[in-house]
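Trainee:
Protein chains in written order, with my numbering: chain A, 1 to 150; chain B, 1001 to 1723.
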């Protein structure tokens, strides 16, 4: 089926099977590869994007279901790597292998948008769906606190 | 599928300039650490004209491009190599750019980078002599070039912070880079003496961080080349089994399907780099390929390997633990008569199950086989190794193969194998187009190179002072890499007067491979809990026991005495609370751990703190070391608390993150790191050693909190209730 998908403020005409997950349309049709495939079953959060500002695991929703809504990927979070979360991530050198970090950053940005000064417990609750195999969790906590002061 | 307004931020091309590499480096001079993703372009403005040696070039403004031969997988390899070159070159850190070195050049120019493999916590520990030599040799050539121009002796020229000076003469490195490339020295300079450094030992933020916060870092799964197609792959779900048949016609008419191809396994016994028997669906998108693969009927011959289940292995192994083994080492004397004569033997059995690395990025590779050259981007910890096996698979001269460095989404030892690259090479060869292979998460965990299980039994006899006089350790290993079972057990550091080590084998089919501190990761859990059992049976404080039993071993003493100083360890926190200690050496670094836990009566476990004390000799980059230690703790606690890859009827059954659980942020304890370095001229590794003692310390703490000795993992599956 054919529909219009808005990603990072740009409309893309997409023609895919209706069940195609948003993740693969973002990566293989739109061509933005910052959003990652990790599990395909919404259990690792590597594919987290924003849909109308809310964090969504893009492997687990169809692209067709978000037609007409605003999809934001890591590439669209800021024009120049300057979102407060990105700045804090760099300051605390959070990423190691880095593969999960687009999803981590998108989840953290959504958290701070609704809870500007989160407690450790609120951070844990909001970030629990985002796995990191390198174990950067302590740096993530520090960086979110740091971004919340920004 | 139509694509409109697709503007790829990072479009990978296949062209790579001779001698160059893919560009990754700092972007903003004057600022610390700014790395670019991977663009396929060679570093603009640099060419062989100012290459001083294969490791570095210097441009007219003095910008130094360092070629890193090792994979960047989050461990900080690019930063480490850049630091070593900058240190010896005496060039300002902000002038350093780091690119990934060219594997083709390594292969065609007599292994010019010495070794491109990445693992074993080796980069700083064992590679620093030749990497730092490259920097020192370049520095002396710059000085010689300046000396000749100025008509002075080289000894009169200084090279400091990017500036050459002699008397009234002064010039930037860039001015003499071209001349330096032509300099021959009678003798290569020595690298700097231990401790005579201005950069090494300082806290340098990793250079690869910025590109990992905006989605621009390129991993193999992200690479796109013109005319590329996608492959979803499946090998026999029972490792060692073979493909019998598949019904391609059932899926051929589905949208986007291009071909269905077979992978023919050539070797009888699956070795490191063999192509596994299997099938691939080729389509215009990966999702279409994967969907069709899941729908396609496939028949397998398990070759009898479906006889293996962990439950059967466990039963057999526990019987073997009670029998003497053929494979034995009398480390010191023969403890068996003393154990046989004693009526108060301290004994303990332990076991750890299969685990897998499950890197956040499942294995992926892009290979483009053309008549005159082959281009490769792959999940690998050794681009040169991948080059050679792709050449073999395609049947071409290695000189025609170009493996391009990318970031990889976690390595952990798994990237020492090259399965996805093999498959992509074979698929591209068969379909005549560039192919991107992506393993699904489930394929990854079915085909993984496992961390093999271990079973261990210890028996000890105590003397009048409560310390052991004789001990026997016996392990049961799987057959493919049984040496893993020996590590940290056969060579345990404790001065037990009579000590013997034995090992049995239990048959099993899954392939095995390294998994961050291989062997030591499992074995420390066993031996360091038994140490507590011995200590408590002899009325010793477990930390004092370890200090006493490593007397004369300065490297261990330094860790344990520092642990005593900072941990405030006590075995008497009272029920529901516990502290536990453990210590082990891995990859040249000794790591001691003290864990503090709370366990509720209902058995809920809270890890309040992990304290790590390490002795690695020199700490190359303390900031990066702490990051690796924290990550290692998360790695090992993941497996010990939640892991357990279950083998049933020859195949792994919990193959995604819904059933194979790893640690999430709410369960990550605070980690405090204390460096307690000996003054030796010695550099221990940091990628792996921090993890192994953590689960043992936690289990020892749980014992004090609950009275329960947790002899196997996952810990969260055990009954921790107490009353």
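Ideal placement from N, C-alpha and C gives every residue a C-beta, glycine not left out.
Here the structure is a predicted model, which is why all the values come from computation and not from measurement.
1) Enumerate in chain order the residues of its own chain whose CB-to-CB distance from residue 1177 of chain B is below 6 Å, with the five nearest sequence positions on each side excluded.
2) State the CB to CB distance for the pair residue 1457 of chain B and residue 1474 of chain B, rounded to an integer number of angstroms; the pair is presumed to be in contact (CB under 8 Å).
3) To the nearest angstrom, report how far apart residue 1065 of chain B and residue 1518 of chain B are at their CA atoms.
4) Using Cβ-Cβ distances below 8 Å, what residues of the stretch 1661-1679 of chain B are close to chain A?
5) What are the start and end residues of each continuous beta strand (DSSP E) run of 3 or more residues lying completely inside the stretch 1458-1512 of chain B, in chain order?
6) Please check if any C-beta of chain B sits within less than 8 Å of the C-beta of residue 95 of chain A.
7) If you follow the beta strand (DSSP E) that residue 1579 of chain B is in, where does it begin and where does it stop?
8) Do residue 1162 of chain B and residue 1091 of chain B have their C-beta atoms closer together than 8 Å?
9) Does the distance from the CB of residue 1724 of chain B to the CB of residue 97 of chain A come in under 8 Å?
10) State the Cα-Cα distance for the pair residue 1374 of chain B and residue 1232 of chain B, rounded to the nearest angstrom.
11) Helix, strand or coil, according to DSSP, for residue 86 of chain A in the structure here?
12) Going by the CB atoms, is the gap between residue 1699 of chain B and residue 1579 of chain B shorter than 8 Å?
13) With the cut-off set at 8 Å, would you say residue 1152 of chain B and residue 1166 of chain B are in Cβ contact?
14) Using 8 Å as the threshold, is the stretch 1211-1227 of chain B in touch with the stretch 1249-1265 of chain B, meaning 3 or more CB pairs across them?
15) Out of B:1238, B:1344 and B:1478, which has the shortest C-alpha to C-alpha gap to residue 1299 of chain B?
16) Against residue 1635 of chain B, what residues of chain A qualify as contacts under a CB-to-CB distance less than 9 Å, listed in chain order?
17) Show which residues of chain B have a CB atom less than 9 Å away from the CB atom of residue 26 of chain A.
18) Looking only at C-alpha atoms, which of B:1436, B:1492 and B:1415 sits nearest to residue 1332 of chain B?
19) Determine, using beta carbons only, whether residue 117 of chain A comes closer than 8 Å to chain B.
20) Would residue 1546 of chain B pass as a contact of residue 1584 of chain B if the rule is Cβ separation under 8 Å?
21) Between the alpha carbons of residue 1594 of chain B and residue 60 of chain A, how many angstroms are there, rounded?
22) Going by the beta-carbon positions, is the gap between residue 1479 of chain B and residue 1416 of chain B smaller than 8 Å?
23) With the cut-off set at 8 Å, would you say residue 1419 of chain B and residue 1363 of chain B are in Cβ contact?
24) Under 8 Å between C-beta atoms, does residue 1146 of chain B make it to chain A?
25) Here's the rule I'm using: 16 or more other beta-carbon atoms within 10 Å means buried, otherwise exposed. How should residue 94 of chain A be labelled?
26) For the beta strand (DSSP E) that residue 1257 of chain B lies in, which residues bound it at each end?
27) Could you give the distance in angstroms between the alpha-carbon of residue 1121 of chain B and the alpha-carbon of residue 1203 of chain B?
28) At the 8 Å Cβ level, is residue 1424 of chain B part of the contact set with chain A, yes or no?
29) Rounded to whole angstroms, what is the Cα-Cα separation between residue 1400 of chain B and residue 15 of chain A?
30) Taking C-beta pairs closer than 7 Å, name the residues in chain A that residue 1217 of chain B reaches, listed in chain order.
31) Any beta carbon from chain A within less than 8 Å of residue 1377 of chain B's own beta carbon?
32) Taking residue 3 of chain A as the reference, which of A:38, A:63, A:49 and A:23 has the closest Cα?
33) For the alpha helix (DSSP H) that residue 1520 of chain B lies in, which residues bound it at each end?
34) Give me the subset of the stretch 1602-1632 of chain B whose CB atoms are less than 9 Å from a CB atom of chain A, sorted by chain position.
35) Quick check on DSSP: helix, strand or coil for residue 21 of chain A?
36) For residue 27 of chain A, tell me which candidate among A:73, A:147, A:85 and A:18 has the shortest Cα-Cα distance.
Mentor: So, to answer that:
1) Residue 1177 of chain B sits at position 177 when you count from the first residue of the second chain. The residues 1050 and 1058, in chain order, have a CB closer than 6 Å to that of residue 1177 of chain B in the same chain once the five nearest residues on each side in sequence are set aside.
2) Taking the second chain and counting its residues from 1, one reaches residue 1457 of chain B at position 457. Taking the second chain and counting its residues from 1, one reaches residue 1474 of chain B at position 474. Sure, about 5 Å apart at Cβ, within 8 Å.
3) The residue you call residue 1065 of chain B lines up with position 65 of the second chain. The residue you call residue 1518 of chain B lines up with position 518 of the second chain. Cα-Cα distance, rounded: 34 Å.
4) Residues of the stretch 1661-1679 of chain B with a C-beta less than 8 Å from any C-beta of chain A: 1662, 1663, 1664, 1665, 1666, 1668, 1670 and 1671, listed in chain order.
5) Counting only runs of 3 or more, we get 1468-1477 and 1498-1505.
6) As a first step, residue 95 of chain A must be located in the first chain, where it is residue number 95. Output row for residue 95 of chain A: interface = yes.
7) Residue 1579 of chain B sits at position 579 when you count from the first residue of the second chain. 1577-1586 is the span of the beta strand (DSSP E), which, as asked, contains residue 1579 of chain B.
8) For the purposes of this step, residue 1162 of chain B is taken as residue 162 along the second chain, with counting starting at 1. For the purposes of this step, residue 1091 of chain B is taken as residue 91 along the second chain, with counting starting at 1. A contact, by the Cβ cut-off of 8 Å.
9) Because chain B in this structure spans residues 1001 to 1723, residue 1724 of chain B falls outside the shown range and cannot be described.
10) Residue mapping note: residue 1374 of chain B aligns to position 374 of the second chain, counting from 1. Residue mapping note: residue 1232 of chain B aligns to position 232 of the second chain, counting from 1. Distance between the alpha carbons of residue 1374 of chain B and residue 1232 of chain B is about 21 Å.
11) Residue mapping note: residue 86 of chain A aligns to position 86 of the first chain, counting from 1. In the three-state reduction of the DSSP assignment, residue 86 of chain A falls in the helix class, which pools H, G and I.
12) By 1-based counting over the second chain, the position of residue 1579 of chain B is 579. By 1-based counting over the second chain, the position of residue 1699 of chain B is 699. Remark: C-beta atoms of residue 1579 of chain B and residue 1699 of chain B do not approach each other more closely than 8 Å.
13) Walking along the second chain from the start, residue 1152 of chain B turns up at place 152. Walking along the second chain from the start, residue 1166 of chain B turns up at place 166. Contact: yes.
14) Taking a cut-off of 8 Å for Cβ pairs, the stretch 1211-1227 of chain B and the stretch 1249-1265 of chain B do not touch, as fewer than three such pairs fall below it.
15) Numbered from its first residue, the second chain carries residue 1299 of chain B at position 299. Nearest option by C-alpha distance: B:1238.
16) The residue given as residue 1635 of chain B occupies position 635 in the second chain. Within chain A, 133, 134 and 135 have C-beta atoms less than 9 Å from the C-beta of residue 1635 of chain B, given in sequence order.
17) Position 26 of the first chain, counted from the first residue, corresponds to residue 26 of chain A. Under the 9 Å cutoff, chain B gives no residues; its nearest Cβ is about 11 Å from residue 26 of chain A.
18) Your numbering for residue 1332 of chain B matches position 332 in the second chain. For the residues B:1436, B:1492 and B:1415, the minimum Cα distance to residue 1332 of chain B belongs to B:1492.
19) As a working note, residue 117 of chain A is residue 117 in the first chain. No, its Cβ sits nowhere closer than 8 Å to a Cβ of chain B.
20) Here residue 1546 of chain B refers to the residue found at position 546 of the second chain. Here residue 1584 of chain B refers to the residue found at position 584 of the second chain. Not a contact, by the Cβ cut-off of 8 Å.
21) In the second chain, the residue the question calls residue 1594 of chain B occupies position 594. In the first chain, the residue the question calls residue 60 of chain A occupies position 60. Those two C-alpha atoms are separated by around 41 Å.
22) Mapped onto the second chain, residue 1479 of chain B falls at position 479. Mapped onto the second chain, residue 1416 of chain B falls at position 416. Residue 1416 of chain B is positioned such that its CB atom lies no closer than 8 Å to that of residue 1479 of chain B.
23) Counted from its first residue, the second chain places residue 1419 of chain B at position 419. Counted from its first residue, the second chain places residue 1363 of chain B at position 363. A contact, by the Cβ cut-off of 8 Å.
24) Stepping through the second chain from its first residue, residue 1146 of chain B is reached at position 146. No, no contact with chain A.
25) The count along the first chain starts at 1 and reaches residue 94 of chain A at position 94. The residue in question, residue 94 of chain A, is buried, as its Cβ has 16 or more Cβ neighbours within 10 Å.
26) Indexing the second chain from 1 puts residue 1257 of chain B at position 257. Run containing residue 1257 of chain B: 1257-1263, per the beta strand (DSSP E) assignment.
27) Stepping through the second chain from its first residue, residue 1121 of chain B is reached at position 121. Stepping through the second chain from its first residue, residue 1203 of chain B is reached at position 203. Take the alpha-carbon of residue 1121 of chain B and the one of residue 1203 of chain B: they are about 19 Å apart.
28) Residue mapping note: residue 1424 of chain B aligns to position 424 of the second chain, counting from 1. Not closer than 8 Å to any Cβ of chain A, the Cβ of residue 1424 of chain B fails to qualify, so no.
29) The residue labelled residue 1400 of chain B in the question sits at position 400 within the second chain. The residue labelled residue 15 of chain A in the question sits at position 15 within the first chain. Roughly 38 Å separates the two Cα atoms.
30) Your numbering for residue 1217 of chain B matches position 217 in the second chain. Within 7 Å Cβ-Cβ: 98.
31) One-based indexing of the second chain puts residue 1377 of chain B at position 377. Cβ-Cβ to chain A under 8 Å: no for residue 1377 of chain B.
32) Stepping through the first chain from its first residue, residue 3 of chain A is reached at position 3. Residue 3 of chain A has its Cα closest to that of A:63, out of A:38, A:63, A:49 and A:23.
33) Start at 1 with the first residue of the second chain, and residue 1520 of chain B comes out as number 520. Residues 1520-1537.
34) 1623, 1624, 1627, 1628, 1630, 1631 and 1632: these are the residues of the stretch 1602-1632 of chain B whose beta carbon lies less than 9 Å from some beta carbon of chain A, given in chain order.
35) Here residue 21 of chain A refers to the residue found at position 21 when the first chain is read from its first residue. In this structure, DSSP gives residue 21 of chain A an extended state, which the three-state scheme calls strand.
36) Reading the first chain from its first residue, position 27 is the one you call residue 27 of chain A. Comparing C-alpha distances from residue 27 of chain A to each of A:73, A:147, A:85 and A:18 shows the shortest one belongs to A:73.
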